[in-house]
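Comments concern the structure below.
Numbering (full-length UniProt numbering), first residue to last: 1 to 140.
Quick look at the structure:
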């Protein structure tokens with residue numbers, strides 16, 4: 001059985017949180033959770049620390065420079081012979097960074113800054129993020 005580590009960052013700026021919508025097709029393949037809202041993140045590479053991966057993924061997916069705070073969520077899923085473990089960090093923009101989002105359109109086609117899960121009503125949200133935002137509730 002193989003383990004894969006995935007890291008994400010819940011980026012806060014001016015009292016709002018960044019969410020990004022997954023494309024239907026990702027680099028020529030059907031995307032997992034197509035057209036669902038998510039947050040920046042991805043797989044930790046060999047020899048890379050989880051915190052470094054979360055910062056790198058945010059830079060690659062939305063063009064933002066962030067600083068990480070604490071881990072606010074962890075979950076694991078079994079997919080055949082793969083165990084996926086996800087870590088989500090609270091994050092904020094670096095003082096020198098602008099909040100100008102630059103999407104990688106191969107992976108995401110829209111972004112929003114939201115204050116609560118209600119801002120995404122009638123939208124599809126990846127399951128872990130829905131749980132996380134519900135848990136955070138008024139702490140968002």
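Where a beta carbon is used, it is the ideal one built from N, C-alpha and C, also for glycine.
As the structure is a prediction and not an experimental result, all values here were calculated from the model.
Which residues DSSP lists as bridging residue i, in chain order
i	result
residue 105	Partner(s): none; residue 105 has no beta bridge.
residue 85	5, 76
residue 90	10
Supposed contact pair residue j and residue i - C-beta distance, whole angstroms, cut 8 Å
i	j	result
residue 62	residue 37	With 8 Å as the limit, residue 62 and residue 37 do not qualify as a contact, their Cβ atoms being about 13 Å apart.
residue 66	residue 88	With 8 Å as the limit, residue 66 and residue 88 do not qualify as a contact, their Cβ atoms being about 13 Å apart.
residue 4	residue 82	6 Å
residue 50	residue 102	So it is not a contact: roughly 24 Å between Cβ atoms.
residue 75	residue 128	6 Å
residue 91	residue 120	The pair is not a contact, with the Cβ atoms about 19 Å apart (cut-off 8 Å).
Alpha carbon of residue i to alpha carbon of residue j, nearest angstrom
i	j	result
residue 138	residue 116	Summary for residue 138: the model assigns pLDDT 42, below 50, so the residue's position carries little reliability, and this model does not support an answer.
residue 59	residue 30	23 Å
residue 133	residue 125	10 Å
residue 77	residue 70	22 Å
residue 41	residue 9	6 Å
residue 11	residue 118	17 Å
residue 13	residue 79	34 Å
residue 130	residue 15	18 Å
residue 54	residue 114	20 Å
residue 109	residue 122	18 Å
residue 64	residue 45	20 Å
residue 25	residue 104	13 Å
residue 34	residue 111	14 Å
residue 48	residue 1	21 Å
Residue i CB to nearest heavy atom of the ligand SAH below 7 Å
i	result
residue 63	Absent from the structure shown: the ligand SAH. Ligands present: none.
Start-to-end residues for the beta strand (DSSP E) that takes in residue i
i	result
residue 21	16-22
residue 42	41-43
Limits of the alpha helix (DSSP H) - the one that residue i falls within
i	result
residue 54	50-62
Nearest to residue i (by Cα), restricted to the options the options
i	options	result
residue 107	55, 121, 52, 27	27
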